[in-house]
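Enquirer:
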């Protein structure tokens, strides 16, 4: 069926008096036929299409770049979060993690988890692992993609919901569907769980990230979408409101489109976002020195290192091996205040643990990184 586009254009005032043009694509006939509690959205770059899951009946719907809407699969019972890794679609379903080969659109397997009650959302890191929330069990699972072995890495959590891999900080973020909903993180170096942000909002559902590292969260408490900087150091910025049960949102980094499934109204909103760095968005300069974890990590062969300096400084960043031998100097110059990123290509080096150190006249910090070939 051809998906008919009807445009509703509205100006959304943000906390900084900026405006975002929201274009919502709606067709009542398509919604009646295809959507039944739309929950999660992802984008299949191989085939140029959005995939949308339905909690109500388990159907997976596809919307092509040309606007054609059809069913992708109608064999499942209750589908929620989705993520794509190497052209394999992984779905958090009531029966377990269901996989499809996107080169053939054929179902591969259903992978049950022994401690599961009701899987909710799913994400993937760059090291071959999936992370899945179970809202009813109050747990977060980690599954190894290669052999489907699974462990519980967090438990005793009150309704964990949306989950997101943040490569910049080598962590998994997840939110909770509760009053005064927090955002928590799992440090992937040691699997420790901590609270990143405590909020006054209620009932967080989904998390997603743009190419600038900004974090978006959907909120059922006021049917709105908010954006945070990657370090959650600035106040929440209102991106869009007037939704109806905004569920597991997705940011298409290729086209800079934010997709918002509306659970209660059986609609999916597509919002064009103007790419903008958080520093530029707020006219904000860093107040402290900091050195972020490289991303991805582990990596092969290139990785990105981000750092910030609050004042004019002579900056040195050097790479060392595990016994302290200097490998390479990445930065060795005076820099004005600001936030910076550098990309390091380690193609000539062998697998192993390395360290990178930032030094100024007033600050020094070092972090570990892993080359995995």
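Numbering (this note's numbering), first residue to last: 998 to 1370.
Glycine included, C-beta positions come from ideal geometry on N, C-alpha and C.
For residue 1123, which residues in the same chain have their Cβ closer than 7 angstroms to its Cβ, ignoring the five residues on either side in sequence?
Expert: For residue 1123, where only same-chain residues beyond five positions count, the Cβ hits under 7 angstroms are 1164 and 1293.
Enquirer: Which of the three DSSP states is assigned to residue 1277 in this structure?
Expert: In this prediction, residue 1277 scores a pLDDT of 49, lower than 50, which makes its location untrustworthy; no coordinate-derived value is stated.
Enquirer: Taking Cβ to Cβ, would you say residue 1254 is nearer than 8 angstroms to residue 1243?
Expert: No; because the gap between Cβ atoms is not below 8 angstroms, this pair is not in contact.
Enquirer: Do residue 1090 and residue 1106 have their beta-carbon atoms positioned less than 8 angstroms apart in this structure?
Expert: The answer is no: Cβ separation not under 8 angstroms.
Enquirer: For residue 1373, list the residues DSSP reports as bridge partners.
Expert: Here the chain covers residues 998 to 1370 and nothing more, so residue 1373 does not appear.
Enquirer: Should residue 1270 and residue 1207 be called a contact, given that it needs their Cβ atoms to be closer than 8 angstroms?
Expert: Cβ atoms of residue 1270 and residue 1207: closer than 8 angstroms.
Enquirer: In three-state terms, what does DSSP make of residue 1171?
Expert: Three-state DSSP puts residue 1171 in a strand.
Enquirer: When the Cα of residue 1221 is compared with those of 1307, 1245 and 1358, which residue comes out closest?
Expert: Minimum Cα distance to residue 1221 is reached at 1245.
Enquirer: Relative to the C-alpha of residue 1132, which candidate in 1197, 1268 and 1112 has its C-alpha closest?
Expert: Of 1197, 1268 and 1112, the residue nearest in Cα terms is 1112.
Enquirer: Name the residue from 1334, 1069 and 1030 whose alpha carbon lies nearest to the alpha carbon of residue 1039.
Expert: Per the Cα distances, 1069.
Enquirer: Take residue 1177 and list the residues in its own chain whose beta-carbon comes closer than 8 angstroms to its own, dropping the five residues that flank it on each side.
Expert: Same-chain partners within the cutoff: 1195, 1196, 1197, 1198 and 1199.
Enquirer: With DSSP collapsed to three states, give me the class of residue 1345.
Expert: The answer is coil: DSSP assigns residue 1345 none of H, G, I, E or B.
Enquirer: State the Cα-Cα distance for the pair residue 1353 and residue 1330, rounded to the nearest angstrom.
Expert: Using only the alpha carbons, I get a separation of about 16 angstroms.
Enquirer: Is residue 1286 helix, strand or coil when you go by DSSP?
Expert: Here residue 1286 sits in coil by DSSP.
Enquirer: Under a three-way DSSP split, which group does residue 1200 fall into?
Expert: Coil at residue 1200, not helix or strand.
Enquirer: Report the three-state DSSP secondary structure of residue 1075 (helix, strand or coil).
Expert: Three-state DSSP puts residue 1075 in coil, outside helix and strand.
Enquirer: Is residue 1103 helix, strand or coil when you go by DSSP?
Expert: Strand at residue 1103.
Enquirer: Classify residue 1202 as buried or exposed, calling it buried when 16 or more other Cβ atoms lie within 10 Å of its own Cβ.
Expert: Classification of residue 1202: buried, given that the 10 Å Cβ count is 16 or more.
Enquirer: I'd like to check one pair, residue 1291 with residue 1370: are the Cβ atoms closer than 8 angstroms?
Expert: Contact flag unset, no.
Enquirer: Among the residues of its own chain, which have a CB less than 6 angstroms from the CB of residue 1333, if the five just before and after it don't count?
Expert: Answer for residue 1333: 1309, listed in chain order.
Enquirer: Quick check on the DSSP output: what are the complete beta strand (DSSP E) runs of length 3 or more inside the region 1197-1244, in order along the chain?
Expert: Segments of the beta strand (DSSP E) lying fully in the region 1197-1244: 1201-1206, 1212-1216, 1221-1225 and 1234-1237.
Enquirer: Restricting to runs no shorter than 3 residues, where is the beta strand (DSSP E) found entirely within the region 1109-1164?
Expert: Segments of the beta strand (DSSP E) lying fully in the region 1109-1164: 1116-1121, 1126-1131, 1136-1141, 1147-1151 and 1157-1163.
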